[in-house]
Structure formats: C-alpha cells, structure tokens
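S.K.: Residue numbers (the UniProt record's numbering): 1 to 251.
Even for Gly, the Cβ is constructed at its ideal location relative to N, Cα and C.
1. Just to confirm the assignment: which complete beta strand (DSSP E) runs, minimum length 3, are found wholly within the stretch 89-166?
2. Within the continuous beta strand (DSSP E) that includes residue 244, where are the two ends?
3. Give every residue of the same chain whose Cβ lies closer than 6 Å to the Cβ of residue 62, excluding the five residues on either side of it in the sequence, and list them in chain order.
4. Could you have a look at residue 49 and say whether DSSP puts it in helix, strand or coil?
5. Report the rounded CA-to-CA distance for residue 88 versus residue 124, giving the unit in angstroms.
6. Could you give the DSSP three-state label for residue 62: helix, strand or coil?
7. For residue 231, collect the residues of the same chain with a Cβ closer than 6 Å to its Cβ; drop the 5 residues on either side in sequence, then sort them by chain order.
8. Let me know the secondary structure DSSP gives residue 238 once reduced to three states.
9. Just the C-alpha distance for residue 205 and residue 143, rounded to the nearest angstrom, thanks.
10. Using 8 Å as the threshold, is the C-beta distance between residue 140 and residue 12 below it?
11. Do residue 28 and residue 9 come within 8 Å of each other at the CB atom, strictly closer than that value?
12. Nearest-angstrom Cα distance between residue 234 and residue 228?
13. Is the beta carbon of residue 178 closer than 8 Å to that of residue 135?
14. With a threshold of 8 Å on Cβ separation, who are the neighbours of residue 220 within its own chain once the five nearest residues in sequence on each side are excluded?
15. I'd like the list of long-range same chain contacts for residue 79, defined as Cβ closer than 8 Å, with 5 residues on each side in sequence excluded.
Structure (structure tokens):
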C-alpha cells in the first residue's frame, strides 16, 4: 500500500457494521482515504471491497478492540503506510442484551474493554499523531440510550455515557493542539443491532411512537453528520454531543 498523496486519512473502527460501513463510504465520497478497522471477517472485507470499487484508497486493519497494544500499533501503521491521519471515528461497540442481575463482572469488563477503553486508546493513539500537525478531528459514537437508560443493556448504556464524558474532557484538553472532539448519538436505526429485540414489528412501532419524525432513519443520515464533524464546515465545533435520532431525545 502506498501513501495517498494529498487525501486526508480517516480511520473508522467497526467499519464492518451498518453505521460504520455507511460512514466509511461517505468519507470516501467526500475525499478521504479510509482505513477500516475491525476484527476482520466477511463484513469488514465487504466494506473494503465497496470502498475499492468506488475508487477510494483503502487500508484494512484487523484488530480486536480489546487489545490496547494492537490498537495503538494499528493507528501508527495506518499513518506510516497510508498517510497522515486526519480523522478518527470511534464506532465499534458490543451490546449483549443481558438483564442487570445476570450481568457478570466478566461480561461487564468485556463491554467496557471494547466500548470504553478501546475508544480511549484509539483516541490517544490518533491524537498523538494529530498534535504534531496541529489539526485533527475525533468523533466518538454514542447512543441516545445514555440519555434515558435502557433495560437489559446496563453495560452498554454505561459505556455510552462514559463516551460523552470522555468527549468533553478530550475536547477541553486537545483544543490547544487544534484537535476537535465531538460525539454523535444515533437513535434507533434499522441495523443488525435490532436483532436483540424479539418482536421487530413491535419494536419499530415503539421507535416511531417516540420519534418526532415518523419514519425510520437511514445509516447514511448518520454518516453525513459524521462527515460534517470531521470536515472544514465544523472547524469551530468541539466538545459537542449531537443526536441523530429523528427528534427522540432533545437536549
């Protein structure tokens, strides 16, 4: 793999999922070279193939987000082999649907390792590179569940609330280096994550009852806001939480 020339590089974690893939493709259309990071497998390979078919310079990083050393190495590899990293999108997450009293410490630690520690480590590794150039953008993907809680997802909701706090702390500390940090909280999008719900039709109605906009969102509508947050048009935006949820949560 060669350097991408003048194209800025974006790293998207969890790029094999619906939101991650939509984000990677949108950033590719908007002029980024894209490094897709995930555990590997068919879905990550499919994202990479779609990017390459679209003519987007693409670099694949197969990493388990539980492995802090591997995350740091992957971020450095992306820059060394692919070019200067301008943007990091912390998107990868796991969400075991377990009732609170049945959550083991091991399961809780596993969710924290991916959804919270993984975000922190990736952000630290990327920011170390960005500060040398005095510019960069990090977008952490949260969830509207942190705003009001959610049953059978206590571990996941806990990590998403932590992502909000981390975003604000990093925005405050990294601003002097020209690095912007924001958080995007998606609502209930029709992705694989909805397989945890036993009755899809009932859940869809539940979503529509709570949203102000009475239709389901499209992953591209998340990707477009992420593209804004890492682009020049948001050059004075940092430390913010933006809900993309059809008007479910308003704050």
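M.R.: Reading off the structure:
1. For secondary structure counted as the beta strand (DSSP E) over 3 or more consecutive residues, the stretch 89-166 holds these complete runs in sequence order: 136-141.
2. Counting along the chain, the beta strand (DSSP E) containing residue 244 begins and ends at 241-244.
3. Once the five neighbours on either side are set aside, the close Cβ partners of residue 62 are 40.
4. Three-state DSSP puts residue 49 in a helix.
5. Whole-angstrom Cα-Cα distance: 10 Å.
6. In this structure, residue 62 counts as strand in the three-state DSSP scheme.
7. Closer than 6 Å at Cβ, skipping near neighbours: no residue.
8. Collapsing the DSSP output to three states places residue 238 in coil.
9. Looking at the two C-alpha atoms, the distance is approximately 19 Å.
10. Contact flag unset, no.
11. With contacts defined by Cβ atoms closer than 8 Å, residue 9 and residue 28 do not form a contacting pair.
12. C-alpha separation (whole angstroms): 6 Å.
13. With a cutoff of 8 Å on beta-carbon distance, residue 135 and residue 178 are scored as near each other.
14. For residue 220, the CB contacts under 8 Å within the same chain, skipping 5 residues up- and downstream, are 22, 26 in chain order.
15. Only 9, 85, 129 meet the Cβ criterion.
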